[in-house]
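Please read the structure below before turning to the comments.
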Ligand code: GLU
Ligand code: MG
């Protein structure tokens, strides 16, 4: 495991052609850096059934492709990450790719292509574009790790030089880190990155995980983005911040005259997400242990509600900072909190946008802005306000997906069949495992 050998890194530099798959893991193949230019156009070979790989290894059977077929992983030049901060560790160098057919045509089961198509559709149908950022929490682990009190400066200094190195690495990777913070849980940290256009934001979410893991390894730690490390512990959330802008880049999400400062467009976008939330959770909170994180009083997402500045809401309206001359309209965003890093960021963002788009197109009523704790209301009152509980398990979320004809209609048959088969296999691989063991299994993978 130890990588600080003091020796110069031997061998050739390799460049990964990676693909954030349905399990939210980056998989792919590498080419020698010396041959990169000749590889950029035609990419590398890939296998359709790889999309059915469970996080625990076995491939879900049946899946729509079995042993047949071939794809290409086609790199997007804009996603290049190259971090070269160490003398004795080879540069971390990779591109994110679309999985395409061998003639270069789009493959109907590629999550990144699915997000691209969704963003094109959003703009075609509404004239709007999405700006987003994914805020990741993660744990550092390992026998040499010393943990300090939650949010304390000591917790940060005890892992020196992790903070400075990870910030330098993220900056070199072009991922625009904003702050580095020790979080609430022991060994838990968070690094928000600047907002970017929808596709770039999802690409950044896929890339940040590799950069953080690599820096951690260099210091003999392991970084884990698993949703829960322990059933009684603190969750690692991925909070997805979203705002809508017109083609000139002007925000259309903010209206100071409306409740919460949320424009009618943003309110309908939120209403679409809340309307389809149980099915969306199958993609945004897609592990068995994701449901140990969600629920009331975990500061993750307690109910399918929207609130101003409340960390129990599935959609939180963060505060607008009125000092330092910042413009409220460009700050305004909706923070979706019922997501974690077991989700493929491209897939998760696509379904949120598709649900939001539907909310806009159907003119769904603006959702009730919850004040206070929805768990203190009785069921009748919650129903009156349109506030539903989140699914209690991955099975429930998958059932909700199967019964939501609107959400199902967004996918090709192959993509949907593969996803349902993959997730049900993942559940069966944990058959009989106590929650603690299930957390440990995910902790090793994510
Ligand atoms: N750790 C919490 C989660 O699982 C989030 C805490 C926070 O608001 O940053 O989402
Ligand atoms: Mg946090």
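Numbering (the numbering used here), first residue to last: 799 to 1244. The C-beta atom is built at its ideal place from N, Cα and C for all residues, glycine as well.
Cutoff 8 Å; reference residue i; Cβ partners in own chain excluding five residues on either side
| i | result |
| --- | --- |
| residue 800 | Low confidence applies to residue 800: its pLDDT is 45, below 50, so where it sits in the model is not reliable, and the reading given next is rough at best. Answer for residue 800: 1018, listed in chain order. |
| residue 803 | At residue 803 the pLDDT is 48, less than 50, meaning the model places this residue with poor confidence; the figure from the coordinates comes in the next sentence. Correct list, in chain order: 886. |
| residue 1009 | 879, 881, 890, 964, 967, 968, 971 and 973 |
| residue 905 | 846, 869, 896, 897, 898, 899 and 911 |
Cβ-heavy atom distance, residue i to the ligand MG, below 6 Å
| i | result |
| --- | --- |
| residue 935 | yes |
| residue 1194 | no |
| residue 839 | no |
| residue 1110 | no |
| residue 988 | yes |
Residues sharing a beta bridge with residue i, DSSP
| i | result |
| --- | --- |
| residue 843 | 870 |
| residue 986 | 937 |
| residue 895 | 873 |
| residue 818 | 824 |
| residue 957 | BP columns for residue 957 are empty, so no partner. |
| residue 979 | 988 |
| residue 1163 | Paired residue(s): none; residue 1163 is not in a bridge. |
Any non-hydrogen atom of the ligand GLU closer than 6 Å to residue i Cβ
| i | result |
| --- | --- |
| residue 1107 | no |
| residue 907 | no |
| residue 1097 | yes |
| residue 1033 | yes |
Closest residue to residue i among the options (Cα-Cα distance)
| i | options | result |
| --- | --- | --- |
| residue 1186 | 972, 1093 and 1114 | 1093 |
| residue 1181 | 1194, 1165, 822 and 1157 | 1165 |
| residue 939 | 1001, 1204, 1015 and 993 | 1015 |
| residue 1029 | 1205, 1231, 809 and 817 | 1231 |
| residue 1226 | 835, 856 and 1035 | 856 |
| residue 851 | 824, 842 and 833 | 824 |
| residue 1072 | 950, 877 and 1136 | 1136 |
| residue 1041 | 968, 1025, 987 and 1155 | 1155 |
| residue 814 | 965, 1088 and 889 | 889 |
| residue 877 | 845, 849 and 910 | 910 |
| residue 1213 | 907, 1131 and 842 | 907 |
| residue 916 | 820, 839 and 1151 | 1151 |
| residue 1162 | 1170, 1153, 1138 and 1168 | 1153 |
Close beta carbons around residue i, own chain, < 7 Å, minus the five adjacent residues each side
| i | result |
| --- | --- |
| residue 925 | 1044 and 1045 |
| residue 1022 | 936, 937, 939, 1241 and 1244 |
| residue 1004 | 818, 824, 894 and 1143 |
Beta-carbon contacts of residue i that lie in its chain and below 6 Å, excluding the five residues immediately before and after
| i | result |
| --- | --- |
| residue 1099 | 1092, 1112, 1135 and 1136 |
| residue 1107 | 1117 |
| residue 831 | 811 and 813 |
| residue 946 | 952, 953 and 956 |
| residue 1250 | Residue 1250 lies beyond the residue range present for the chain, which begins at 799 and ends at 1244; the question has no answer from this structure. |
Query raised in the report: Which runs of the alpha helix (DSSP H) spanning at least 4 residues fall entirely within the region 1067-1138, listed in chain order?
Result: 1075-1082, 1088-1091 and 1126-1129
Query raised in the report: Counting only runs that start and end within the region 1002-1075, where is the alpha helix (DSSP H) found for 4 or more residues in a row?
Result: 1062-1073
Query raised in the report: At what residue ranges does the region 1165-1220 contain a whole run of the beta strand (DSSP E), taking only runs of 3 or more?
Result: none
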